[in-house]
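Enquirer: Just so we're aligned: 301 in this note's numbering is position 297 of the sequence shown, and the numbers increase by one with no gaps anywhere.
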Amino acid sequence: MNFDLSFYSGKKVFVTGHTGFKGAWLCKMLSNAGAIVTGYSLEPPTNPSLFEIAEIEKDINSVIGDIRDYDSLKKAFDKAQPQIVLHLAAQPIVRDSYKDPVYTYETNVMGTVNILECVRNSNCVKSFLNVTTDKVYLNREWEWGYREDEMLDGYDPYSNSKSCSELVTHSYKNSFFSDNKIAISTARAGNVIGGGDFANDRIIPDSVRAVINKTDIVVRNPFSTRPYQHVLEPLYAYLMIAAMQYEDVEKYSGYYNVGPDDCDCFQTGALVDLFVKHWGDGIKWINKYDGGPHEANFLKLDCSKLKSTFDWKPHWNLDKAIEMVVQWSKCWINGEDVRACMDKQIKEFLEV
């Protein structure tokens, strides 16, 4: 299915977590499609941030607030009167969840409760999508992909809190939305890469920082296998799911894995090899395990359901995705027009 984003023209869309990396790209896609977007989030989580660099605030109504603050959230929500809600707000870093598990659970679990309460008490919403993660599954480190009906039980506080967020969504769907007047879905995405990610403890941002600082790229766990995909892949899938279930609740609402094909489940070291190839300039990486907290060694998704339901397939392979990351990063480093670069990449992605 080649889903046409013009569906969103004139639609009122509420995005939580809009100041984050994925949120900023999502707002750019929605704005380009003509949507009326309200974003609700904390201040950008990194400095620099894509949200600020790309001046996303020009394109949307941006409300700075905490997803844990129900009254503040509901005020912004009621003013926006959204037809579609995309819930991305989260504490998204595994290592940070070990440092502050309480904040991680408050944000990822009660944040989900709060946005679902807003939806439940509204009369405007027709479609809700909760964005979680591939790490919601009980990871048995087996070599086949996890399916949507596998057991949910993330190991670390981040992964487990997102498992809880899934369960909260399931409960609300069964308890309050069983009449199918509002479509409710979750999307479990694999690791995303893309221009403008400045997060800590992520391999591509770490690689870009190393290039800027003229140091070797440090790879903590080069043999861990992850399903890597360009950020536009899951965002396009989220928009497709939210739109299709808007039109047909019973047929399309549900739980979906969103990940790359098996050929793009790469070991981290091999991913960095691609980055080095596309960047050039003689950069290199070193293997330096730092004895950090537990992270899974092997994880991939079975995306058969998304493919069969929507006739969906990834647009870009990992080599192309890394090429796009390098293109954006060099544009930013060289002081060129980042917004134009984003528009160009979105256009190229949609034309595949």
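The C-beta atom is built at its ideal place from N, Cα and C for all residues, glycine as well.
Are Leu156 and Gly198 touching if we call contact CB-CB under 8 Å?
Expert: For Leu156 and Gly198, no; Cβs fall outside 8 Å.
Enquirer: Could you check whether Ile119 and Thr20 sit closer than 8 Å to each other, using their CB atoms as the reference points?
Expert: Against a cut-off of 8 Å, the Cβ pair of Ile119 and Thr20 comes out as a contact.
Enquirer: Measuring straight from C-alpha to C-alpha, what distance separates Gly38 and Lys16?
Expert: Gly38 and Lys16: Cα-Cα distance of roughly 10 Å.
Enquirer: Extract the residue ranges of the beta strand (DSSP E) inside the segment 274-323, only unbroken runs of 3 or more that lie entirely within it.
Expert: Runs found: 289-291.
Enquirer: Taking 8 Å as the cut-off, decide whether the C-beta atoms of Asp210 and Ile221 are in contact.
Expert: Contact flag set, yes.
Enquirer: Are the CB atoms of Thr116 and Ser169 within a distance shorter than 8 Å?
Expert: In contact: Ser169 and Thr116 (Cβ atoms closer than 8 Å).
Enquirer: So, with DSSP's three-state summary, where would you put Thr108?
Expert: Thr108: helix per DSSP, three-state reduction.
Enquirer: Do you know offhand how far Ile350's Cα is from Pro161's?
Expert: Going by the C-alpha atoms only, they are around 33 Å apart.
Enquirer: Can you name, in chain order, every residue of its own chain whose Cβ lies under 7 Å from the Cβ of Ser307, other than the five neighbours on each side?
Expert: A small fix is needed here, since residue 307 is Cys in this sequence, not Ser. Same-chain partners within the cutoff: Asn261, Val262, Gly263.
Enquirer: Pull up the CB-CB distance for Tyr259 and Thr313, whole angstroms please, since I reckon it's below 8 Å.
Expert: Between Thr313 and Tyr259 the Cβ distance is about 11 Å, and since that is not below 8 Å, they are no contact.
Enquirer: What is the DSSP secondary structure of Leu2, counted as helix, strand or coil?
Expert: Residue numbering for the chain in the displayed model covers 5 to 356; residue 2 lies beyond these limits and cannot be assessed.
Enquirer: In the DSSP assignment, what residue or residues form a beta bridge with Asn134?
Expert: Partner(s): His91, Thr190.
Enquirer: Going by the beta-carbon positions, is the gap between Val215 and Trp283 smaller than 8 Å?
Expert: Yes.
Enquirer: Between which two residues does the alpha helix (DSSP H) holding Tyr250 run?
Expert: Taken as a continuous stretch (DSSP letters only), the alpha helix (DSSP H) holding Tyr250 covers 236-251.
Enquirer: Assuming Lys292 contacts Arg224 (C-beta within less than 8 Å), just tell me the rounded distance between them.
Expert: Between Arg224 and Lys292 the Cβ distance is about 7 Å, and since that is below 8 Å, they are a contact.
Enquirer: So, does the CB of Phe279 fall closer than 8 Å to a CB anywhere in chain B?
Expert: The question asks about chain B, but that chain is absent: this structure has only one protein chain.
Enquirer: Is the beta carbon of Gly273 closer than 8 Å to that of Phe227?
Expert: Cβ atoms of Phe227 and Gly273: closer than 8 Å.
Enquirer: Among Tyr102, Tyr232, Ser66, Lys255, which one has its Cα closest to the Cα of Gly194?
Expert: That would be Tyr232, whose Cα lies nearest to the Cα of Gly194.
Enquirer: When the distance is taken between beta carbons, is Trp316 closer than 8 Å to Leu310?
Expert: Result yes, Cβ atoms of Leu310 and Trp316 sit closer than 8 Å.
Enquirer: Output the distance between the C-alpha atoms of Cys327 and Asp75, rounded to the nearest integer angstrom.
Expert: Looking at the sequence itself, residue 327 is Glu, so the reference to Cys does not match. In a straight line, the C-alpha of Glu327 is about 43 Å away from that of Asp75.
Enquirer: Counting Cβ pairs, one atom from each stretch, are 3 or more of them under 8 Å apart for the segment 23-40 and the segment 54-64?
Expert: Touching, yes.
Enquirer: Rounded to the nearest angstrom, how far is the Cβ of Phe202 from that of Pro86, given a contact under 8 Å?
Expert: With 8 Å as the limit, Phe202 and Pro86 do not qualify as a contact, their Cβ atoms being about 28 Å apart.
Enquirer: Would a C-beta distance cut-off of 8 Å place Arg192 and Thr136 closer than the cut-off?
Expert: Closer than 8 Å, so yes.
Enquirer: Quick one: Cα of Glu254 to Cα of Gly27, how far?
Expert: Distance between the alpha carbons of Glu254 and Gly27: 27 Å.
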